[in-house]
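Peer 1: This is the structure I have questions about; it appears just below.
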Amino acid sequence: MKPNRPYVVKLCVFLSIVVLSFVQSQADSEGGVFSVGIVLPLTGSLEEVGKGVLRASELALEEINNLYAKKIRFIVEDSGSTAEGAAEAFTKLIKQEGVTAIIGPVTSSAAKMSFPIAQDNRVLTLSPLAAASGLAELGDYVFQANLTTDVVIPGGVKLTQERLAYKKVAVLVDRADLFSQSTFEVLEKTFVERELELVVTQTLETGDTDLSSQITRIKEAKPDVIFISTLPLEAVQILKQLRAQDLEQPIIIPFAFSTDEIALAGDNAEGVITFSTWTSFSNSPGNSAFVENYSAKYGSPPSRFLAQGYASVYLFAQALNTTRAFDSDGLRDALSAITDFDTILGKFSFDERGRAIYDPIILVVKQGDFEVFR
Numbered sequence: 440m441k442p443n444r445p446y447v448v449k450l451c452v453f454l455s456i457v458v459l460s461f462v463q464s465q466a467d468s469e470g471g472v473f474s475v476g477i478v479l480p481l482t483g484s485l486e487e488v489g490k491g492v493l494r495a496s497e498l499a500l501e502e503i504n505n506l507y508a509k510k511i512r513f514i515v516e517d518s519g520s521t522a523e524g525a526a527e528a529f530t531k532l533i534k535q536e537g538v539t540a541i542i543g544p545v546t547s548s549a550a551k552m553s554f555p556i557a558q559d560n561r562v563l564t565l566s567p568l569a570a571a572s573g574l575a576e577l578g579d580y581v582f583q584a585n586l587t588t589d590v591v592i593p594g595g596v597k598l599t600q601e602r603l604a605y606k607k608v609a610v611l612v613d614r615a616d617l618f619s620q621s622t623f624e625v626l627e628k629t630f631v632e633r634e635l636e637l638v639v640t641q642t643l644e645t646g647d648t649d650l651s652s653q654i655t656r657i658k659e660a661k662p663d664v665i666f667i668s669t670l671p672l673e674a675v676q677i678l679k680q681l682r683a684q685d686l687e688q689p690i691i692i693p694f695a696f697s698t699d700e701i702a703l704a705g706d707n708a709e710g711v712i713t714f715s716t717w718t719s720f721s722n723s724p725g726n727s728a729f730v731e732n733y734s735a736k737y738g739s740p741p742s743r744f745l746a747q748g749y750a751s752v753y754l755f756a757q758a759l760n761t762t763r764a765f766d767s768d769g770l771r772d773a774l775s776a777i778t779d780f781d782t783i784l785g786k787f788s789f790d791e792r793g794r795a796i797y798d799p800i801i802l803v804v805k806q807g808d809f810e811v812f813r
């Protein structure tokens with residue numbers, strides 16, 4: 440026997456009300472908008488990176504809120520460019536604001552301190568830029584949108600060695616920074632595998648400005664190529680001082696070099712090679728529109744760091760709009776399930792540990808801009 444039609448209508452209305460109430464209860468009280476914490480360095484040594492990533496993230500947010508049914512709002516906290524500041528920002532967002540998702544932080548050192556806080560509180564976290572190996576393995580609620588050092592560096596060294604035929608290498612490394620140390624460890628392992636001779640290693644600490652003694656030792660060792668494993672601002676300082684001492688060897692800076700650093704380094708950046716994750720001339724879906732829209736809105740072209748922030752917001756929005764459960768578990772599962780998703784970085788997936796999978800690119804600075812290294 441068919442069910443009574445009025446009964447069916449009433450049942451459908453009831454179920455619709457239940458579902459709608461559930462969705463609204465999981466979202467922010469202000470109009471059903473989902474709140475996402477953002478932790479970036481808006482003051483301190485990395486403030487230019489942080490402010491740029493925020494601008495790119497806000498551009499993505501504006502586009503997403505016009506595109507998707509589920510709306511997002513940001514609650515922004517400043518990390519002060521320190522790992523401790525990032526941890527404090529995470530704690531505030533979780534304990535005071537009650538967020539269930541955070542985008543940030545940007546450095547690996549900050550992620551190492553903040554990710555355990557997110558994991559302990561079951562808060563989904565996606566870092567747009569942290570690239571040190573082992574961070575996503577800190578828990579199932581933490582993810583990295585940047586390619587990790589152990590993924591990018593071996594291929595980059597292989598290709599550059601084949602093209603440049605170098606045998607002796609020197610490294611300048613920041614011993615106080617986790618990303619720089621992680622990069623150096625992968626470099627050391629790769630040098631052994633490629634039968635390269637590490638003729639000299641010189642260390643510095645974040646914020647050091649006088650590197651004359653380290654550079655003198657590198658000059659005396661006569662390497663074929665020089666690797667720089669530091670944060671961006673330190674890399675710029677090193678470039679200037681290397682050129683001042685007339686070192687003309689090829690210089691390779693894995694990851695920590697973008698168009699912003701080219702502008703800061705000026706002619707000293709000419710010929711620098713970097714292992715990157717994005718370029719403005721990529722034909723990935725939406726990339727040309729991103730470059731055009733960002734440039735028009737803010738008056739300058741975006742860098743790789745900004746592209747990572749922009750893509751991260753789209754990744755989160757994809758998870759939010761595919762999950763059936765608007766809590767951290769549902770978001771985690773939806774983010775984990777992302778496979779071959781079109782982003783400005785290319786086809787994007789997460790592996791089983793929450794690490795990014797997409798194709799890296801090797802670039803070289805020519806006449807003040809990047810081009811593909813060939």
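Numbering (the numbering used here), first residue to last: 440 to 813.
Heads up, the beta-carbon is just placed ideally off N, CA and C, and yes, glycines get one too.
Tell me the rounded alpha-carbon separation between residue 766 and residue 539.
Peer 2: If I take the Cα positions, the gap works out to 7 Å.
Peer 1: So, residue 543 versus residue 592, is the Cβ gap smaller than 7 Å?
Peer 2: Result no, Cβ atoms of residue 543 and residue 592 do not sit closer than 7 Å.
Peer 1: Closer than 8 Å by C-beta to residue 653: which residues in its own chain qualify, once you throw out the five before and the five after it? Chain order, please.
Peer 2: Answer for residue 653: 611, 641, 642, 643, listed in chain order.
Peer 1: Return helix, strand or coil for residue 493, following the three-state DSSP convention.
Peer 2: If DSSP states are grouped into helix, strand and coil, residue 493 belongs with the helices.
Peer 1: Please determine, among 664, 617, 619, 647, the residue with the shortest C-alpha to C-alpha distance to residue 636.
Peer 2: The shortest Cα separation from residue 636 among 664, 617, 619, 647 belongs to 664.
Peer 1: When the distance is taken between beta carbons, is residue 541 closer than 7 Å to residue 521?
Peer 2: Going by C-beta atoms, residue 521 is not nearer than 7 Å to residue 541.
Peer 1: How big is the Cα-Cα spacing for residue 596 and residue 534?
Peer 2: Using only the alpha carbons, I get a separation of about 44 Å.
Peer 1: Who pairs with residue 512 in a beta bridge, going by DSSP?
Peer 2: BP columns for residue 512 point to 474.
Peer 1: Among 507, 729, 800, which one has its Cα closest to the Cα of residue 694?
Peer 2: Closest option to residue 694, Cα to Cα, is 800.
Peer 1: Flag this pair as yes or no: are the beta carbons of residue 537 and residue 482 separated by less than 7 Å?
Peer 2: Their beta carbons are not under 7 Å apart, which means residue 537 does not touch residue 482 by this criterion.
Peer 1: Rounding to the nearest angstrom, what Cα-Cα distance links residue 756 and residue 721 in this structure?
Peer 2: The straight-line gap from Cα to Cα measures roughly 22 Å.
Peer 1: I need the straight-line Cα distance from residue 660 to residue 552, nearest angstrom please.
Peer 2: Using only the alpha carbons, I get a separation of about 37 Å.
Peer 1: Do residue 495 and residue 741 have their beta-carbon atoms positioned less than 7 Å apart in this structure?
Peer 2: It is a contact, given that the beta carbons lie within the stated cut-off.
Peer 1: Given 8 Å as the limit, is there contact between the segment 761–780 and the segment 695–707, that is, 3 or more CB pairs closer than that?
Peer 2: These segments do not touch.
Peer 1: Hey, residue 625 and residue 588: beta-carbon distance below 7 Å or not?
Peer 2: Going by C-beta atoms, residue 625 is nearer than 7 Å to residue 588.
Peer 1: What residue range is occupied by the uninterrupted alpha helix (DSSP H) comprising residue 623?
Peer 2: Looking at the DSSP string, the run of the alpha helix (DSSP H) that includes residue 623 is 617–632.
Peer 1: How would you call residue 724, buried or exposed, if buried means at least 16 neighbouring beta carbons within 10 angstroms?
Peer 2: The residue is exposed, with fewer than 16 neighbouring Cβ atoms inside 10 Å.
Peer 1: Under 8 Å by Cβ, that's how I've got residue 619 and residue 668 pegged, so tell me the actual separation to the nearest angstrom.
Peer 2: About 5 Å; that satisfies the 8 Å criterion.
Peer 1: Would residue 586 pass as a contact of residue 716 if the rule is Cβ separation under 7 Å?
Peer 2: Their beta carbons are under 7 Å apart, which means residue 586 touches residue 716 by this criterion.
Peer 1: Between which two residues does the beta strand (DSSP E) harbouring residue 713 extend?
Peer 2: Looking at the DSSP string, the run of the beta strand (DSSP E) that includes residue 713 is 712–715.
Peer 1: Anyone know if the C-beta pair for residue 726 and residue 783 falls short of 7 Å?
Peer 2: Result yes, Cβ atoms of residue 726 and residue 783 sit closer than 7 Å.
Peer 1: Given a cut-off of 7 Å on the beta-carbon distance, is the pair residue 562 and residue 607 in contact?
Peer 2: Against a cut-off of 7 Å, the Cβ pair of residue 607 and residue 562 comes out as no contact.
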